[in-house]
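This report refers to the structure that appears directly beneath it.
Numbering (this note's numbering), first residue to last: 20 to 104.
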């Protein structure tokens, strides 16, 4: 936080720096959730129910922040993340 205030000369610019930082936090969270959903893989020791629970949790989290993922895309992501064997 302190590093974001470095070089700010006015109190307004000091106030604006963390405000801008936290506004962008939503975008960062959206990208992180999309990345997690895209990179989820079913592990060898996972039961299908456990895997689908993790998968739908990421989908629900994205919906909670206003990101809609098409059902077709979800099916493709789910199928691609299953083990090859």
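Backbone N, C-alpha and C fix where the C-beta goes; we use that ideal spot for every residue, glycine too.
In its chain, beyond the 5 residues on either side, no residue has a beta carbon closer than 6 Å to the beta carbon of residue 63.
The Cβ atoms of residue 86 and residue 49 sit closer than 8 Å to each other. Of all alpha-carbon atoms in 31, 26 and 53, the one lying nearest the alpha-carbon of residue 96 is that of 53. Under the DSSP assignment, residue 92 falls in the alpha helix (DSSP H) whose first and last residues are 90-99. The beta carbon of residue 70 lies closer than 6 Å to those of 61 in the same chain, with the five residues before and after it left out.
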